[in-house]
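A.B. asks:
Protein chains: 2
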Amino acid sequence: MRVVIAAGLTRTARIEGISAAGADPEAAVHTPGADLEIVAFGRPVRAPVVPVSPTGCPTPAVVTRAVRETAGFDLLAVDAGLSAPTAAPTVDVDAAPGADVREARPVPDAAGIVDAASEVGAGLPDDDLLVGETIPGGTTTALGVLAALGEPYGVSSSLPENPIERKRAVVAKGLAESGLERGGAAGDPEAALASMGDPVLAAVFGLVRGAAASGTGVTLAGGTQMVAAATLLRHAGVDAPLGLATTPFVAQDGSADLRDAAAELGLDLAVTDPGFDRGEHPAFGRYLRGEAKEGVGMGGALALAEGRGIPMADVRARVASLTDALTEGGDGS
Amino acid sequence: MRVVIAAGLTRTARIEGISAAGADPEAAVHTPGADLEIVAFGRPVRAPVVPVSPTGCPTPAVVTRAVRETAGFDLLAVDAGLSAPTAAPTVDVDAAPGADVREARPVPDAAGIVDAASEVGAGLPDDDLLVGETIPGGTTTALGVLAALGEPYGVSSSLPENPIERKRAVVAKGLAESGLERGGAAGDPEAALASMGDPVLAAVFGLVRGAAASGTGVTLAGGTQMVAAATLLRHAGVDAPLGLATTPFVAQDGSADLRDAAAELGLDLAVTDPGFDRGEHPAFGRYLRGEAKEGVGMGGALALAEGRGIPMADVRARVASLTDALTEGGDGS
Chain A
17 MRVVIAAGLT RTARIEGISA AGADPEAAVH TPGADLEIVA FGRPVRAPVV PVSPTGCPTP
77 AVVTRAVRET AGFDLLAVDA GLSAPTAAPT VDVDAAPGAD VREARPVPDA AGIVDAASEV
137 GAGLPDDDLL VGETIPGGTT TALGVLAALG EPYGVSSSLP ENPIERKRAV VAKGLAESGL
197 ERGGAAGDPE AALASMGDPV LAAVFGLVRG AAASGTGVTL AGGTQMVAAA TLLRHAGVDA
257 PLGLATTPFV AQDGSADLRD AAAELGLDLA VTDPGFDRGE HPAFGRYLRG EAKEGVGMGG
317 ALALAEGRGI PMADVRARVA SLTDALTEGG DGS
Chain B
17 MRVVIAAGLT RTARIEGISA AGADPEAAVH TPGADLEIVA FGRPVRAPVV PVSPTGCPTP
77 AVVTRAVRET AGFDLLAVDA GLSAPTAAPT VDVDAAPGAD VREARPVPDA AGIVDAASEV
137 GAGLPDDDLL VGETIPGGTT TALGVLAALG EPYGVSSSLP ENPIERKRAV VAKGLAESGL
197 ERGGAAGDPE AALASMGDPV LAAVFGLVRG AAASGTGVTL AGGTQMVAAA TLLRHAGVDA
257 PLGLATTPFV AQDGSADLRD AAAELGLDLA VTDPGFDRGE HPAFGRYLRG EAKEGVGMGG
317 ALALAEGRGI PMADVRARVA SLTDALTEGG DGS
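So the protein sequences, as listed, match chains A and B.
Okay, so the first sequence: first residue is 17 according to this note's numbering, each after it adds one.
Okay, so the second sequence: first residue is 17 according to this note's numbering, each after it adds one.
#1: Using CA coordinates, which residue listed in B/Thr-86, B/Pro-113, B/Thr-28, B/Ala-229 is at the minimum distance from B/Leu-98?
#2: Listing by chain order, which chain B residues have their CB less than 7 Å from the CB of A/Thr-26?
#3: Pull up the distance between the alpha-carbon of A/Gly-291 and that of B/Leu-52, whole angstroms please.
#4: Does any C-beta atom of chain B lie closer than 9 Å to the C-beta of A/Ala-93?
#5: Let me know the alpha helix (DSSP H) ranges lying completely inside the region 263-287 of chain A, each 4 residues or longer, listed in chain order.
#6: By how many angstroms is the C-alpha of B/Val-83 removed from the C-alpha of B/Arg-334?
#7: In whole angstroms, give me the CA-to-CA distance for A/Asp-125 and A/Asp-214.
#8: Could you confirm whether any beta carbon from chain A is found closer than 9 Å to the beta carbon of B/Phe-221?
#9: Would you verify that the beta carbon of A/Gly-128 is, or is not, closer than 9 Å to some beta carbon of chain B?
#10: Consider the Cβ of B/Thr-339: report whether some Cβ of chain A lies at a distance smaller than 9 Å.
#11: For B/Gly-49 and A/Asp-289, I'd like the C-alpha separation in whole angstroms.
#12: Skipping 5 residues on each side, what residues in its chain have a beta carbon closer than 6 Å to that of A/Asp-330?
#13: Can you give, in chain order, each stretch of the alpha helix (DSSP H) that sits fully within the region 44-77 of chain B and has at least 4 residues?
#14: Is the shortest distance between the beta-carbon of A/Thr-106 and the beta-carbons of chain B less than 9 Å?
#15: What does DSSP give as the partner residues of B/Gly-231 in its beta bridges?
#16: Please report whether the beta-carbon of B/Pro-141 lies at a distance below 9 Å from any beta-carbon of chain A.
#17: Using the C-alpha atoms, what's the distance from B/Met-17 back to B/Gly-231?
#18: Alpha carbons only, please: which of A/Gly-282, A/Glu-307, A/Ala-299, A/Ala-341 is nearest the one belonging to A/Ser-173?
#19: Entirely within the region 91-157 of chain B and at least 3 residues each: give me those beta strand (DSSP E) ranges in chain order.
#20: Name the residue from A/Leu-236, A/Ala-127, A/Leu-274 whose alpha carbon lies nearest to the alpha carbon of A/Ala-319.
#21: Which residues, taken in chain order from the region 50-66 of chain A, show a beta carbon closer than 9 Å to some beta carbon of chain B?
#22: Indicate whether at least one CB of chain E lies closer than 9 Å to the CB of B/Ala-96.
#23: Would you tell me roughly how many angstroms separate the C-alpha atoms of B/Val-78 and B/Leu-338, rounded to the nearest one?
#24: With burial defined as no fewer than 16 other Cβ atoms inside 10 Å of the residue's Cβ, what is the status of A/Gly-253: buried or exposed?
#25: Between B/Asp-347 and chain A, is any beta-carbon pair separated by less than 9 Å?
#26: Could you tell me which chain A residues have their CB closer than 9 Å to the CB of B/Ala-132, listed as they occur along the chain?
#27: Specify, as a first and last residue, the run of the alpha helix (DSSP H) that A/Arg-27 falls within.
#28: Could you give the C-beta distance for B/Ala-103 and B/Val-61, rounded to a whole number, given that I count them as a contact under 8 Å?
#29: Between A/Leu-283, A/Leu-249, A/Gly-239, A/Thr-247, which has its C-alpha nearest A/Thr-262's C-alpha?
#30: My output table needs one value for A/Ile-326: the three-state DSSP class, helix, strand or coil.
#31: Mapping DSSP to helix, strand and coil, what is B/Leu-175?
#32: Is the beta carbon of B/Ile-129 closer than 9 Å to that of B/Gly-222?
#33: Which residues in chain A sit within 8 Å of B/Val-147, going by Cβ to Cβ distance?
Structural data, given as structure tokens:
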């Protein structure tokens, strides 16, 4: 089992009120790299920020790292369009940061990213992969891809109140600018990605397509962005079994319809509860109030911990100590 | 303990008869990336070659991977000037492949590589690092750096008969072309690297300088290239304790004077014998006849295995099975 995290950027995140990843737009640029460094090393190394929401909710990378420290797993980070150097080792799939989804072709190199990621996915020696993501603004581009493919699934949000009307308006503008009807890219995942997606979705789609073609079992680790990835895969004719491992915070989000989407797409859904209601740390309360919800493979990591028989109390204790070390500027090692 | 492998290229390797890394110049371009993939995954993934010497001696990456499979360690691969995409996740330190050391400035961006690598080294959370390398032609650039610094140490070779006269002629031409006397860059490691080095030495130097400055213990894992790295560090005023972990194949090489160099540089020398004379595999015989000798952190990995109490027979068995899988085009996973 290897955990893959694709990390990148889309300028879509700069649209006001879209994303909770990073307390401000400047910080958001460093969020995906910082997330990778936290999973790789337990703390930011080259990234100048600790990713927190505007209210101080720490990144889900902390939960994934907590599982790594308790259960152990190999990490494969993918540079799916980062703009700042990261100390986390990454695989290069020729991805540049994505442009604003309201433009005509925000991911002009989507086909190249898909090909490179597919080559990587096909070549990995693992029997099973967990595939997660980190990209601020990614639920909006996920909504864009779903619209381009003509699928009705909703998307979740890293904010407690999902700015879904704002996202829909952004997507409508993007479709118009791309000269696409809703469903105009059905059956053509690369067109949907180039016109309405982001480089992380392109990398996840390519990597999973390659892995599935070589017989590797794949669990998509995440929420509605991974529903978009699964939709792309089904539109590409990939009929391999796929898992979807997520958190209760997404699964309970009424705006996302995750269970229905998973059933329609034939995804084996696993929802793993970290039991934050049985803990005392302020970070737990922020998750319980609907912040962050998912990301950086959090739901998949929790499923991995559960599968290995790690008590959730151990994971929570590690989340608490990592969060304290990060927010106090301490040494998270 | 984390194992760092810096991987890159120098056009110096194209000079005929200089290097055993890669059976031909085209293959040599893919050798460092293939080495990283073997340590990361057990087999090449994107690299189109299995690195073998002209006679079929497998890369020392196989030994390092064998230790990883038996003893386990975290890997941090550094892209210190690769030219082909690799599926092994790598840290970017802004390195391009080096030019031929006979040119005036084969590593014009040496200072930038050193700074980026130093930032990474300073930020890593580990108490201890093992630092190795893979770069075809690297002993010749090591000889070049030693000449630029005015130090008398010899260098080893990945060939049974060290083409040392050829290397000396190459270095003499490089010094003349760079307008340097022997010792003309004493006390100025970045000038030595830019004029006579390669991007891997620049990355190793920077990373270790940063790590040592932040109190991290460092063992240089390799032979005479790591003597050159240590010499650069001492010329930079780094007086932290440093280890040098290598194989008996380098330590016994009369052209290298490794023990004297280690003593003069204040390096704590560890020579770990994999006991290839007590095994049956043809690959063992090639090492015993002086091919390959060291590289890709092999000596450091063997020391790590010994320190963890892993029987060398287990390491040898894994080397044999990995080699068979690689040379038969089988699945090394």
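For each residue, glycine too, the CB sits at the ideal point set by N, CA and C.
Since this is a predicted model, take the numbers as computed values, not measurements.
C.D. replies: Reading from the atomic positions:
#1: Here residue 98 of chain B corresponds to residue number 82 of the second sequence, with the count starting at 1. Per the Cα distances, B/Pro-113.
#2: For this step, residue 26 of chain A is matched to residue 10 along the first sequence. By Cβ distance, chain B contributes nothing, its closest Cβ being about 20 Å from A/Thr-26, past 7 Å.
#3: Along the first sequence, read from residue 1 onward, the residue named residue 291 of chain A stands at position 275. Along the second sequence, read from residue 1 onward, the residue named residue 52 of chain B stands at position 36. Going from the Cα of A/Gly-291 to the Cα of B/Leu-52 covers about 39 Å.
#4: Against the first sequence, residue 93 of chain A aligns to sequence position 77. At least one chain B Cβ lies under 9 Å of A/Ala-93.
#5: 264-267, 274-281
#6: For the purposes of this step, residue 334 of chain B is identified with residue 318 of the second sequence, where counting begins at 1. For the purposes of this step, residue 83 of chain B is identified with residue 67 of the second sequence, where counting begins at 1. Spanning the two alpha carbons is a distance of roughly 8 Å.
#7: Along the first sequence, read from residue 1 onward, the residue named residue 125 of chain A stands at position 109. Along the first sequence, read from residue 1 onward, the residue named residue 214 of chain A stands at position 198. The alpha-carbon atoms of A/Asp-125 and A/Asp-214 are separated by roughly 10 Å.
#8: In the second sequence, residue 221 of chain B corresponds to position 205, counting from 1. With 9 Å as the cut-off, B/Phe-221 does not count as an interface residue toward chain A.
#9: Walking along the first sequence from the start, residue 128 of chain A turns up at place 112. It does not; no Cβ of chain B falls within 9 Å.
#10: Counted from its first residue, the second sequence places residue 339 of chain B at position 323. No, B/Thr-339 lies away from the interface with chain A (no Cβ there is under 9 Å from its Cβ).
#11: Taking the first residue of the second sequence as 1, we reach residue 49 of chain B at position 33. Taking the first residue of the first sequence as 1, we reach residue 289 of chain A at position 273. Cα-Cα distance, rounded: 40 Å.
#12: Your numbering for residue 330 of chain A matches position 314 in the first sequence. Cβ within range, chain order: Thr-86.
#13: none
#14: Within the first sequence, the letter at position 90 stands for residue 106 of chain A. Interface residue, yes.
#15: Translated into positions along the second sequence, residue 231 of chain B becomes position 215. BP columns for B/Gly-231 are empty, so no partner.
#16: Walking along the second sequence from the start, residue 141 of chain B turns up at place 125. Answer yes: the Cβ-Cβ gap between B/Pro-141 and chain A drops below 9 Å somewhere.
#17: Counted from its first residue, the second sequence places residue 231 of chain B at position 215. Counted from its first residue, the second sequence places residue 17 of chain B at position 1. Roughly 14 Å between the two C-alpha positions.
#18: The residue given as residue 173 of chain A occupies position 157 in the first sequence. For the residues A/Gly-282, A/Glu-307, A/Ala-299, A/Ala-341, the minimum Cα distance to A/Ser-173 belongs to A/Glu-307.
#19: 106-111, 144-150
#20: In the first sequence, counting from the first residue as 1, residue 319 of chain A sits at position 303. When only C-alpha atoms are compared, the closest one is A/Leu-236.
#21: Glu-53, Ala-56, Phe-57, Gly-58, Arg-59, Pro-60, Val-61, Arg-62
#22: The structure shown contains no chain E; its protein chains are A and B.
#23: On the second sequence, residue 78 of chain B is found 62 positions in, with the first residue counted as 1. On the second sequence, residue 338 of chain B is found 322 positions in, with the first residue counted as 1. Near 7 Å, if we compare the C-alpha coordinates of B/Leu-338 and B/Val-78.
#24: The residue labelled residue 253 of chain A in the question sits at position 237 within the first sequence. The residue in question, A/Gly-253, is exposed, as its Cβ has fewer than 16 Cβ neighbours within 10 Å.
#25: The residue you call residue 347 of chain B lines up with position 331 of the second sequence. For B/Asp-347, the predicted model reports a pLDDT of 40, less than 50, meaning its position is unreliable; a value from the coordinates is still stated below. It does: the Cβ of B/Asp-347 has a partner Cβ on chain A nearer than 9 Å.
#26: Here the question's residue 132 of chain B lines up with position 116 in the second sequence. Ordered by position in chain A, the residues that pass the 9 Å Cβ test against B/Ala-132 are Arg-62, Pro-101.
#27: Residue 27 of chain A sits at position 11 when you count from the first residue of the first sequence. Segment: none, A/Arg-27 is in no alpha helix (DSSP H) and carries neither H nor E.
#28: Counted from its first residue, the second sequence places residue 103 of chain B at position 87. Counted from its first residue, the second sequence places residue 61 of chain B at position 45. Contact flag correct, Cβ pair sits at about 4 Å.
#29: If you number the first sequence from 1, residue 262 of chain A lands on position 246. The shortest C-alpha separation from A/Thr-262 is found at A/Gly-239.
#30: As a position in the first sequence, residue 326 of chain A is number 310, starting the count at 1. Coil.
#31: As a working note, residue 175 of chain B is residue 159 in the second sequence. B/Leu-175 falls in the coil class under three-state DSSP.
#32: Looking up residue 222 of chain B in the second sequence gives position 206. Looking up residue 129 of chain B in the second sequence gives position 113. Yes, the pair counts as a contact, with Cβ atoms nearer than the cut-off.
#33: Start at 1 with the first residue of the second sequence, and residue 147 of chain B comes out as number 131. Per Cβ cutoff of 8 Å: no residues; B/Val-147 is ~14 Å from chain A at best.
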